[in-house]
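Numbering (our numbering), first residue to last: 32 to 715. A short worksheet on the structure shown next.
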Amino acid sequence: MANVRVAVDVGGTFTDVCIFDEETQKMRVTKVPSTPHDPMLAVMSGVERANINLADVSLFSHGTTVATNALITRKFPAAAMVTTQGFRDVIEIRDGTKDDLWDAYNDVSGPYIRRRDRFEVSERIDFSGKIITPLDEIEARRLAALLRKRGVTTVAVCFINSYANPDNEIRMREILEEELPEAAVSTSAEILPEIFEHDRFNTAVSNAVLAPLVTGYVDRLADQLKAGGYTGDLLLLHSGGGSMTPRMVKRYPVRLAASGIAAGAIAAKHIAQQCGFENAVGLDMGGTSTDIALISGGELRITKEWQVEYGHPIVFPSIEVLTIGAGGGSLAYIDIAGSLRNGPQSAGADPGPACYNTGGDQPTNCDANVTLNRLGTSLAGGAKTLERELAREAINRVIAGPLQMEEAQAAHAVLQVANANMADAVRLISIRRGYDPRDFALIAFGGAGALHGAEVARELNIPTVVVPTNPGVTSALGCLLVDIRHDLSAMFTGLASATDPAALEAQFVALEKEATSRLRHEGVSDDNAVLQREISMRYAGQWRSLSVPIGSGRGALDRAIETFHQEHEREFAFRQDDQPVEIYQLLLSAIGKTPKPAFVPATELNADPGTPSSVREVYFGETGWVSTPVYDRELLPAGATFAGPAIIDQLDSTTVVPPRTTAEIDGWGNIRIHLHDLPSSKES
């Protein structure tokens with residue numbers, strides 16, 4: 032009987048595997064080094080190392096970096112774009128902005144499809160959806176023959192105003208499928224039926240260039256799992272915080288961009304709710320980067336303005352995650368002005384930090400932690416042995432010597448810069464959005480998050496840090512907690528005061544019909560389907576809009592307008608009740624509920640942490656070297672309480688409990704660190 036659920040998350044340094052047994056309600060984890068050239072090798076290696084019998088697996092969920100890495104490296108198959116005559120350069124012109132406005136030498140990277148591979152055909156639809164010029168089918172077939180001659184394997188069809196009427200795009204797709212039966216074809220109206228041609232075109236282009244790569248990876252992995260005895264659907268996490276089956280991945284591969292990042296945010300939300308925190312900040316610090324997500328009122332923030340590379344928007348709802356180059360492998364260096372810097376460059380898994388003894392000779396955050404004895408000499412349960420002397424040599428040669436500092440002071444300075452970078456990122460996602468971080472808890476996880484969480488929290492005056500049971504594989508846990516999810520949208524512009532509620536309801540019903548069809552196609556029963564409506568609005572004359580929930584029935588629109596005023600005031604610090612409100616877009620989330628682990632808290636609590644496994648000298652900036660007890664996480668009972676400083680070691684991570692803190696193990700197995708002498712938002 033299949034009674035095991037497995038989740039695998041591929042990171043830049045390690046691939047994490049989380050296994051939950053439904054009968055025993057026990058969870059176990061393992062880690063294996065990632066294989067960047069072919070992530071599937073690490074996935075299957077993790078399954079093998081965890082001794083998983085795939086015939087016993089009832090659910091296999093996977094967060095993958097395949098789509099993200101492909102967009103970063105731009106290793107695409109032969110692709111082409113077909114567009115309306117005169118609109119060949121929309122994705123090159125973009126919106127005219129730059130990531131750094133004042134850097135004249137820093138240009139935005141070019142489009143995913145080169146100009147020589149972008150072609151025009153005669154057709155035209157006006158803003159209302161009226162066909163002004165039908166598609167020239169003779170010209171279209173001639174173009175298809177050219178693409179066949181060039182060996183094109185994937186095509187994006189992007190016609191102007193197709194969101195209002197997709198007929199010409201549909202006909203172009205039919206011709207391409209007749210002439211190029213082996214090619215994948217993405218149409219902009221199917222991928223994103225929204226106004227703003229640059230956003231729509233680029234999302235469709237991203238979908239097209241990813242289609243062969245992602246589909247090939249998913250098919251190979253599904254075949255491997257099936258050959259091993261797995262009989263269910265492979266579920267793949269997408270950026271919106273849900274999962275898709277391989278059938279839907281083939282239609283919308285672009286949704287897998289930022290897949291793994293969303294998993295950590297979902298797990299942070301679950302842990303915050305488990306611990307009774309409605310407001311929390313997720314700090315996922317891995318080997319290469321730190322991903323920060325904000326949970327307010329028990330919900331993650333969702334954004335539609337994101338991209339893997341600046342200037343190339345992917346306009347699908349995505350969990351808002353801020354990523355910075357601060358990870359365990361981030362390089363510390365002295366810049367040309369003589370200042371100490373940290374990241375965003377990273378040693379990654381290859382060659383890795385100096386202490387890995389695998390060819391890296393530059394100091395990293397990992398080396399600084401090893402130098403200060405905050406991190407022991409064994410990583411990932413003995414999978415990696417760390418050489419402290421190599422870490423010290425790198426710190427002295429690159430940092431301490433040039434800055435004329437003592438070794439410990441230099442290593443501590445490296446960590447201070449990394450912590451300051453992460454604290455600044457938290458401020459961007461909280462204070463900049465109108466939230467006070469002092470009203471939040473910090474959920475610190477990832478391979479390095481528990482090493483830095485308490486210091487980052489003190490920098491922000493956050494009173495409580497929560498370290499999950501297995502912090503290093505928390506993103507994999509997030510893959511176990513997601514539901515199947517699709518996000519649909521439709522343009523619906525006009526003043527709210529002049530909107531016919533019946534027309535609004537009819538449009539939502541049409542979206543719900545499509546959503547229900549998709550969920551049924553993926554095997555979701557109607558009993559497990561949840562449909563959530565949102566409406567995007569703005570004050571008349573504004574360009575950007577704000578989405579708020581909307582119900583059904585009489586008064587639903589009026590209530591949504593009041594919610595819009597409230598959210599606008601929180602987000603932008605003002606509201607204009609006397610200003611007309613304009614409806615911009617209708618949004619629908621279709622959620623197919625999937626079974627989730629039923630985590631059971633411990634009923635017996637013991638406040639005595641027991642005898643530490645060892646004592647070692649650890650350096651803390653405020654006290655210097657201190658004899659610090661080291662506890663084995665596996666031996667700490669639920670309810671154990673102790674005062675810092677302390678080090679808690681476990682298979683997948685190390686937790687630092689610094690001075691002026693107390694820690695406890697709650698019934699769920701999370702480590703809660705309470706920081707002392709912090710001002711609250713109420714006192715300010």
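Backbone N, C-alpha and C define an ideal beta-carbon position, used for all residues, glycine too. As the structure is a prediction and not an experimental result, all values here were calculated from the model.
Between the CA atoms of residue j and residue i - distance to the nearest angstrom
i: GLU600; j: SER528; result: 20 Å
i: GLN263; j: ILE515; result: Strictly speaking, residue 263 in this sequence is Gly, with Gln absent from that position. Roughly 14 Å between the two C-alpha positions.
i: ASP52; j: GLY698; result: 19 Å
i: GLU168; j: ALA175; result: 10 Å
i: ILE581; j: ALA303; result: 26 Å
i: LEU207; j: ARG173; result: 10 Å
i: ILE201; j: ILE222; result: 12 Å
i: PRO384; j: PRO108; result: 34 Å
i: PRO344; j: GLY127; result: 13 Å
i: THR184; j: ILE292; result: 29 Å
i: PHE731; j: ARG59; result: Shown here, the chain extends from 32 to 715; a query on residue 731 therefore has no answer.
i: THR505; j: LEU682; result: 13 Å
i: PHE158; j: PRO165; result: 15 Å
i: ALA633; j: THR686; result: 21 Å
i: ASN637; j: ILE702; result: 14 Å
i: MET112; j: ARG155; result: 16 Å
i: ILE367; j: GLU653; result: 29 Å
i: ARG231; j: ALA399; result: 45 Å
i: ASP315; j: GLY480; result: 6 Å
i: SER217; j: ARG204; result: 8 Å
i: ALA441; j: SER320; result: 22 Å
i: GLU714; j: THR55; result: Because the pLDDT of GLU714 is 49, which lies under 50, any placement of that residue in the model is unreliable, and the number read from its coordinates should be weighed accordingly. Cα to Cα, GLU714 sits roughly 47 Å from THR55.
Cβ pair residue i, residue j closer than 7 Å
i: ILE430; j: ALA357; result: no
i: VAL88; j: VAL35; result: yes
i: PRO348; j: ILE333; result: yes
i: VAL513; j: SER274; result: yes
i: LEU267; j: LYS300; result: no
i: VAL487; j: ASN450; result: yes
i: ALA98; j: ALA294; result: no
i: ALA187; j: ALA239; result: yes
i: LEU619; j: ILE566; result: no
i: SER377; j: GLY390; result: no
i: VAL121; j: GLU228; result: yes
i: ALA456; j: ILE355; result: yes
i: ALA86; j: GLY260; result: yes
i: ALA621; j: ALA546; result: yes
i: PHE523; j: ARG564; result: no
i: ARG419; j: VAL401; result: yes
i: VAL478; j: GLY670; result: According to the sequence provided, residue 478 is Gly. The question's Val does not apply to it. Not closer than 7 Å, so no.
i: LEU519; j: LEU542; result: yes
Supposed contact pair residue j and residue i - C-beta distance, whole angstroms, cut 8 Å
i: SER193; j: SER219; result: 6 Å
i: LYS57; j: ASP47; result: 17 Å between Cβ atoms; not a contact.
i: SER92; j: LEU511; result: 6 Å
i: VAL646; j: VAL657; result: VAL646 to VAL657, Cβ: 10 Å. No contact.
i: ALA235; j: CYS306; result: About 42 Å separates the two Cβ atoms, so there is no contact after all.
i: ILE704; j: ALA485; result: 5 Å
i: ILE323; j: LEU353; result: 5 Å
i: SER76; j: ALA380; result: Their Cβ separation, rounded to whole angstroms, is 14 Å, which puts SER76 and ALA380 out of contact at 8 Å.
i: ALA444; j: LEU403; result: ALA444 to LEU403, Cβ: 11 Å. No contact.
i: LEU241; j: ALA101; result: 6 Å
i: GLY641; j: LEU666; result: 6 Å
Local Cβ density within 10 Å of residue i, reported as buried at 16 or more and exposed below that
i: LEU473; result: buried
i: ARG763; result: Since the first residue shown for the chain is 32 and the last is 715, residue 763 is missing from the structure and cannot be characterised.
i: LYS335; result: buried
i: TYR650; result: buried
i: GLU209; result: exposed
i: GLU648; result: exposed
i: PHE603; result: exposed
i: ALA38; result: buried
i: ASN501; result: buried
i: ARG405; result: buried
i: ASN716; result: Because the chain is modelled from 32 through 715, residue 716 falls outside the range shown and cannot be assessed.
i: ASP131; result: exposed
i: VAL718; result: The requested residue 718 is not part of the displayed model; the chain covers only 32 to 715.
i: ARG145; result: exposed
Residue i CB to nearest heavy atom of the ligand COA below 6 Å
i: PHE107; result: Ligands are entirely absent from the displayed structure, and the ligand COA is therefore not among its contents.
With three or more beta-carbon pairs closer than 8 Å as the criterion, would you say the region 269 to 283 touches the region 549 to 568?
The region 269 to 283, when compared against the region 549 to 568, does touch it at the 8 Å Cβ threshold.
Assess contact between the region 562 to 581 and the region 594 to 611, defined as three or more Cβ pairs (one per stretch) separated by less than 8 Å. Is contact present?
As far as the Cβ criterion goes, the region 562 to 581 touches the region 594 to 611, which means the pair count is three or higher.
Can at least three beta-carbon pairs, one atom from the region 244 to 260 and one from the region 125 to 144, be found at a separation below 8 Å?
Touching, no.
I want to know whether the region 281 to 288 touches the region 673 to 680 - three or more CB-CB distances under 8 Å.
Judged by pairs of C-beta atoms under 8 Å, the region 281 to 288 does not touch the region 673 to 680, as fewer than three such pairs exist.
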